[in-house]
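Below is one structure, written out as structure tokens; comments come after it.
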Amino acid sequence: MWQEINKPKMATEKGASRVLTLLGQLERLNEDPKASDTDATRQITGKILHLIQTQEKTRKEMVSKGSSGMEVILSFLENTRDLQTTMNILSILNELLTVGGGRRTGVFVSKGGTAILLQLLVSSSKDIPLNEELMLHVHSLLVKVGPKDRKFGVKARLNGALNVTVNLVKRNLQNHKLLLPCVQVLRVYSGNLVNAVSLGKSGALELMFEIIGPFSKKNTTLLKAALDTLAALLKSKMNARRALDRGYMSTVLTIYQDWHRNDKRHRHMIIRKSILGCIKNFTNIKLGRKAFIDANGMRILYNASTECLPVRTLDPLVNTSSLIMRKCFPKNRLPLPTIKSVYQHALPHIPAGGPVAQLYSQPPGVDDVVDESDENEATEVDTENDTENEDDETDHKTQNDDIETDINKLLPRQMQTRPFDELRVYERFCLEFTRDFEDNDFESHGSVMPPTSVEPDLHCPLIIPTMLASISPQNSHPQNIQPPRSNHSPLELDSISISKTLECKHNPDLVCSLGLLVLDGGVSVNGGSGGGPQEETRDQAEIEVPDTAALLPLHDPDLYLEMVKGTRSVPAYTEVAYPDYFGHVALNLHEPILERVNGVQSRTKIFQDIERLIHPSDILDKVVYDLDMSCPILDNGESLKFNSKFESGNLRKAIQVRKCEYDLILNSDINSNHYHQWFYFEVGSMRPGVRYRFNIINCEKSNSQFNYGMQVLMYSVQEAISGSPQWVRTGSDICYYKNHFSRSSIAAGGQRGKSYFTMTFTVTFQHKDDVCYFAYHYPYTYSMLKMHLQKLSALRTAEIYYRQDELCETLGGNSCPLLTITAMPESRSNEHISQFRSRPVVFLSSRVHPGETNSSWVMKGSLEFLMSCSPQAQHLRESYIFKIIPMLNPDGVINGNHRCSLSGEDLNRQWQNPNEGLHPTIYHAKSLLQYLRATGRTPLVFCDYHGHSRKKNVFMYGCSIKETVWQTNVNTSNCDIHEDLGYRTLPKLLSLMAPAFSLSSCSFVVERSKEATARVVVWREIGVQRSYTMESTLCGFDQGKYKGLQIGTKELEEMGAQFCVGLLRLRGFTDPLELHNSHLEDIENDLVDPCSIPNITSSTTHLLEEDEPVFLEEVDYSAESNDENEPDLQDNHVLPDPSSDSELSRQDSLT
């Protein structure tokens, strides 16, 4: 070993210090063993030891930079055979390493000291009799050295040191002075799993259980070392099974109980924490979890933790205990007959592969839910950061393997996938390019294709809003529920009549009068009529209806009800939710993001869940709402009433678990068994001033902004009637954590043993017998879109070209609207018509994912701006021709899906090869884009509006070859890549003008998992350089003007309008007259700084990651999760905000 160490000569310069002189003498003796004098070496090493013990300067000189003192000492230790000299040198090393800290230990390791000590340990163990003092010194040094040497475990095993230390422990169980360093060294050995298995076979487990025991104030340091060693050994599943076979789980739990009872002053918390560490590693395997339950471990830890809760310093014990209990909580199936959606829709044909095909290939009654699995235990990730020094024998990936690295695939490949003759049919959607304008076109104030207008009839047939009986004290009789109707025809709702009396109500908050909604008392509260003729003697129920049309120009309750009648749903809804009928008026005040309390709220919720297992008699387990049941659930009036049988509603089941606590289960997307996130449901029969807790128990995402200050939305009918028809953020004690319900392996992408997550919140209602609605985000239904488009068309002036076409019919029989908006030509002259037709096209789409309702509110803001009479809007219309699909997935929106269409597939993953039968909206939208490209009108900008559930602010994803390559290790020196940097112009402009927009959150990297999304396909196949996904947060903002605030519809609509203004400013960069402006070219080139773009380190995103590559904030579950091997949740796609430039600032004058 020493041959590998350089042996520089010690320079004996004049004036050298005394220790250097002694080291020089020692070096000469080491070089000439024949001339070595034992007495001289003892004397020299003794003097060096004395100097080191008494002079700090000497210690520094020994390990100073350029000094070879450590090498000389180690060389002599390796070669000497004299015991006294060896002891002197070990004492010297002990002094150096005790005081010097990590740097001196690092020098020792770098000079080969670890191997020399291990060799000395093995050779000395053969001496008879064994020198205990020597063993003590060597092990004491190994305790200091081991944690600093990453290869310590491997070196110890190869040198045969493991058995030497184990044998020493066996022979010295009563010799605590020698036993302590030996046990500590075993702890370091066990950091290597191979060593841990070997030590377990050698009896190390049994030895540790001979050392640990009941509460005692003596030898606590030794006990702590033994417990830490045992915990390290139990990280090996083989050792854990061996210990469980010997019944050690009960032993450890008994020991913990004893220490908990006797450590009344909490002076030995670290020992109690170490005992919990052993239990935690026991329960890493299924056998250990079973043993824990059988040994009554759940009750033992629960009782102990409950007693610890009032003492803040004992939080580490509570956190570890709750982690163990959560892990051992028996996995259960969701209390459902099947996790497939309640509603079914027959498909024209089944896809050849994918989750939908798997779902349909399952035998009847098979639900594909796995209770538990040990398959992923080897890669389990603990939320607590262990500090053990394990050999890091695996290289950590610093590369995101989801990034596309094939340059050929990144290069745009514009190819004609369909013959032009087939695409010619889409000419009917582009009449502005071919039709002749008549004189009356420049005078008419109606739509080019005027929609049918609806005159509000004071007694027209319409749908009764739900749960009216809970508001009206007169109508308290049980009502019949009509069965769902077929979805083959629009609803015929002629059984209800509503009349408005224009009786003025004195309410300063409303600028209009309130009407009276008079409803016949014999009508079912669920929207159907009674079983027979209505009795005229029955009381009538009256509620006040706020005339929100005066506050909301695009909202008309009567028109909305007419739109509902033409909406086709799979459940054949016969009810309308009050918020959709009344409308939503944006709040004038801002709602702040809730302050996050790390770990505390989740811990409390977890303990309450554990109480269910320990005290099952306290649980009511009463089903109060269930879509799977065909008959109504009778209630004694002691429970809340729930409902979700209305457009976009989603709540499958409600179970009352305690007097004021309810478990809620969301419905899967139709033709799916997962995608549980969107919820929208109604609650009634509440009592004011009572805290109600709601637990949505089948969420799927591994984390949520609910853990970072986001609140649910609530709409109170009583508040609406009183003049505040608004969705407001509400809820306290909000927490999102992993629960004990098993997920489908199909839904989890083939991974077994995965669990659902619980989103819990608490609400105190303000009004008795109110009707309140809760939603994941601000609802925006398909019928609302139709109403808004009807109202928008009426805003058209002679200067606006507005046309509404039906792009196609959806699987559910609903129309997918396509809008064309631009400015009318100034006249019929050839010059003006030519200018009109030469305008570049901007293609916008939204709401491909039904649960991302914020995208519809952004689209609403864009549409209102485009149809407004402002000079900016007119200038924008004169600059572009807009093709807009405001809702790409009407069926999903109508039926309360979160992610999919009726085909059970994510439509934003079908753009590469859409099927006309299964994905009609995507098929025809792509075909329209192909037609535009084939006719030389490739859009200048394509933007698909989305919502983002796990990041804050508004931002964009775009496509760039260079920025994708910069994130990889691909050598591009030989690649001739030329790329126009104009794709960054629009995001940069938005960052300068829109307070909600964050450039630093934008990404322009192309990932393999996103290759079938609209953004990538339109960029690659259609050739749109500025192809974007614009993501709007569901939570709020952490930068800019709105920092610290939750997002509302006002900010979302403002963002939609600001996007339009950004397009107007973009015109200055893309106008043919200015393309050769060197100043603008310089600005676009300055928008990208390749040196400042960070590497991406996140793992490949999977099924539920959506268009959300990463999560901006660190996950902190404290005691919530430890066996979920989730992707790294960091924001790896961020780009720095380039400094603003004068030319862009000059563009501000446009606004």
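My numbering puts the first residue of the sequence shown at 178, with every later residue one more than the last.
Virtual Cβ for every residue (Gly too), placed ideally from N, Cα, C.
Computed from a prediction, not measured in an experiment: that's the story for all the values here.
Straight-line CA distance for L335 to F938? By one-based count along the sequence shown, residue 335 stands at place 158. By one-based count along the sequence shown, residue 938 stands at place 761. Cα to Cα, the separation comes out at about 56 angstroms.
Measure the alpha-carbon distance for P1067 versus I791 and round it to whole angstroms. Your numbering for residue 1067 matches position 890 in the sequence shown. Your numbering for residue 791 matches position 614 in the sequence shown. So the two alpha carbons sit approximately 46 angstroms from each other.
On the CB-based measure, 16 or more other CB atoms within 10 Å of its CB, does V558 come out buried or exposed? As a position in the sequence shown, residue 558 is number 381, starting the count at 1. Here V558 scores only 34 on pLDDT, less than 50, and its place in the model is too uncertain to base an answer on.
Output the distance between the C-alpha atoms of E1003 and G1113, rounded to the nearest integer angstrom. Reading the sequence shown from its first residue, position 826 is the one you call residue 1003. Reading the sequence shown from its first residue, position 936 is the one you call residue 1113. The alpha-carbon atoms of E1003 and G1113 are separated by roughly 23 angstroms.
Per DSSP, cross-strand counterpart(s) of W1334: Missing from the structure shown is residue 1334; the chain here goes from 178 to 1328 and no further.
What are the boundary residues of the alpha helix (DSSP H) that Y433 is part of? Residue 433 sits at position 256 when you count from the first residue of the sequence shown. Per DSSP, Y433 belongs to the alpha helix (DSSP H) from Y425 to N439.
Give the straight-line distance between the Cα atoms of L1222 and G1213, rounded to the nearest whole angstrom. For the purposes of this step, residue 1222 is taken as the residue at position 1045 of the sequence shown. For the purposes of this step, residue 1213 is taken as the residue at position 1036 of the sequence shown. Inter-residue distance for L1222 and G1213 is about 6 angstroms (C-alpha atoms, whole angstroms).
Express the C-alpha separation of Y758 and K677 in angstroms, rounding to a whole number. Within the sequence shown, numbered from 1, the residue matching residue 677 stands at position 500. Within the sequence shown, numbered from 1, the residue matching residue 758 stands at position 581. Note that K677 has pLDDT 35, beneath the 50 cutoff, so the model's placement of it is unreliable and the number below is only indicative. Roughly 14 angstroms between the two C-alpha positions.
Is it the case that the Cβ atoms of F934 and K878 are separated by a distance below 8 angstroms? Position 757 of the sequence shown, counted from the first residue, corresponds to residue 934. Position 701 of the sequence shown, counted from the first residue, corresponds to residue 878. Going by C-beta atoms, F934 is nearer than 8 angstroms to K878.
For F934, name the three-state secondary structure that DSSP assigns. Taking the first residue of the sequence shown as 1, we reach residue 934 at position 757. If DSSP states are grouped into helix, strand and coil, F934 belongs with the strands.
Please report the straight-line C-alpha distance between I1224 and H767, rounded to a whole angstrom. Counted from its first residue, the sequence shown places residue 1224 at position 1047. Counted from its first residue, the sequence shown places residue 767 at position 590. Computed Cα separation, rounded: 8 angstroms.
Please go through the same chain and pick out, in chain order, the residues whose beta-carbon is closer than 7 angstroms to the beta-carbon of H965, but skip the five residues on each side of it. Locating residue 965 in the sequence shown gives position 788, where the first residue counts as 1. The answer, listed in chain order, is L731 and K1037.
As a quick exercise: from K394, R418 and L298, pick the residue whose alpha carbon is nearest that of C359. What you label residue 359 is simply residue 182 of the sequence shown in a count that begins at 1. The option with the nearest alpha carbon to C359 is L298.
Can you give me the start and stop residues for the alpha helix (DSSP H) that N1072 sits inside? On the sequence shown, position 895 is the one that residue 1072 refers to. From DSSP, N1072 is part of no alpha helix (DSSP H); its letter is neither H nor E.
Beta-carbon contacts of D209 that lie in its chain and below 7 angstroms, excluding the five residues immediately before and after: Working through the sequence shown from its first residue, we reach residue 209 at position 32. Cβ neighbours of D209 beyond the five flanking positions: none.
Quick one: what's R1203 bridged to in DSSP? Your numbering for residue 1203 matches position 1026 in the sequence shown. Beta-bridge pairing links R1203 to V1118.
In the DSSP assignment, find the alpha helix (DSSP H) that holds I501 and state where it starts and stops. The residue given as residue 501 occupies position 324 in the sequence shown. DSSP places I501 in the uninterrupted alpha helix (DSSP H) bounded by D492 to C505.
I1058 beta carbon less than 8 angstroms from that of V1018: By 1-based counting over the sequence shown, the position of residue 1018 is 841. By 1-based counting over the sequence shown, the position of residue 1058 is 881. Result yes, Cβ atoms of V1018 and I1058 sit closer than 8 angstroms.
Can you tell me which of the three DSSP states K191 falls into? Working through the sequence shown from its first residue, we reach residue 191 at position 14. Bear in mind that a pLDDT of 32 at K191, under 50, signals an unreliable position, so the number given afterwards is only what the model happens to contain. Of the three classes helix, strand and coil, the one that applies to K191 here is coil, per DSSP.
Measuring alpha carbon to alpha carbon, tell me which residue in N509, K818 and Q895 is nearest N875. If you number the sequence shown from 1, residue 875 lands on position 698. Of the candidates N509, K818 and Q895, the one whose C-alpha sits nearest the C-alpha of N875 is N509.
Put S1104 into one of helix, strand or coil per three-state DSSP. Residue 1104 sits at position 927 when you count from the first residue of the sequence shown. It is helical.
Can at least three beta-carbon pairs, one atom from the region 1065-1079 and one from the region 995-1015, be found at a separation below 8 angstroms? Because the criterion of three Cβ pairs below 8 angstroms is not met, the region 1065-1079 and the region 995-1015 do not touch.
Are there three or more Cβ pairs, one per stretch, closer than 8 angstroms when the region 432-451 is compared with the region 412-419? no
Nearest CA to the CA of I221: which residue from V249, G243 and D598? Indexing the sequence shown from 1 puts residue 221 at position 44. If we check each option's Cα against that of I221, V249 comes out closest.
N372: first and last residue of the uninterrupted alpha helix (DSSP H) it sits in: By one-based count along the sequence shown, residue 372 stands at place 195. Where N372 is concerned, the enclosing alpha helix (DSSP H) stretches over L370 to K378.
Tell me the start and end of each unbroken alpha helix (DSSP H) in the region 1161-1219 that is at least 4 residues and wholly inside, in chain order. 1162-1170 and 1191-1194
Pick from A1191, N396, L478 and E1008: whose alpha carbon is nearest that of H445? Here residue 445 refers to the residue found at position 268 of the sequence shown. For the residues A1191, N396, L478 and E1008, the minimum Cα distance to H445 belongs to N396.
Report the rounded CA-to-CA distance for C1179 versus L1240, giving the unit in angstroms. As a working note, residue 1179 is residue 1002 in the sequence shown. As a working note, residue 1240 is residue 1063 in the sequence shown. Roughly 17 angstroms separates the two Cα atoms.
Return yes when the Cβ of E1230 is within less than 8 angstroms of the Cβ of W1088, no when it is not. Working through the sequence shown from its first residue, we reach residue 1088 at position 911. Working through the sequence shown from its first residue, we reach residue 1230 at position 1053. No, the pair does not count as a contact, with Cβ atoms beyond the cut-off.
Return the chain-ordered list of same chain residues with a C-beta closer than 7 angstroms to the C-beta of L511, the five sequence neighbours on each side being excluded. Here the question's residue 511 lines up with position 334 in the sequence shown. The residues are I842, N875 and F918.
Measure the beta-carbon distance from Y959 to T751 and round it to whole angstroms, keeping in mind my assumption that it falls under 8 angstroms. Here the question's residue 959 lines up with position 782 in the sequence shown. Here the question's residue 751 lines up with position 574 in the sequence shown. Not confirmed; about 16 angstroms, so no contact.
Cβ shell of P865 (< 7 angstroms), same chain only, five flanking positions each side left out: By 1-based counting over the sequence shown, the position of residue 865 is 688. So the qualifying residues of the chain are F942, Q943, H944 and K945.
Within the same chain, show all residues whose beta-carbon is closer than 6 angstroms to that of K968, passing over the 5 residues directly before and after it, in chain order. Your numbering for residue 968 matches position 791 in the sequence shown. Once the five neighbours on either side are set aside, the close Cβ partners of K968 are L731.
Suppose you measure from the CA of V196 to the CA of I225; what does that come to, to the nearest Å? Residue mapping note: residue 196 aligns to position 19 of the sequence shown, counting from 1. Residue mapping note: residue 225 aligns to position 48 of the sequence shown, counting from 1. If I take the Cα positions, the gap works out to 6 angstroms.
Using the C-alpha atoms, what's the distance from S862 back to Y603? Reading the sequence shown from its first residue, position 426 is the one you call residue 603. Reading the sequence shown from its first residue, position 685 is the one you call residue 862. Those two C-alpha atoms are separated by around 53 angstroms.
Quick one: is the Cβ of L1053 within less than 7 angstroms of any heavy atom of the ligand MG? The ligand MG is not among the ligands present in this structure, which contains no ligands whatsoever.
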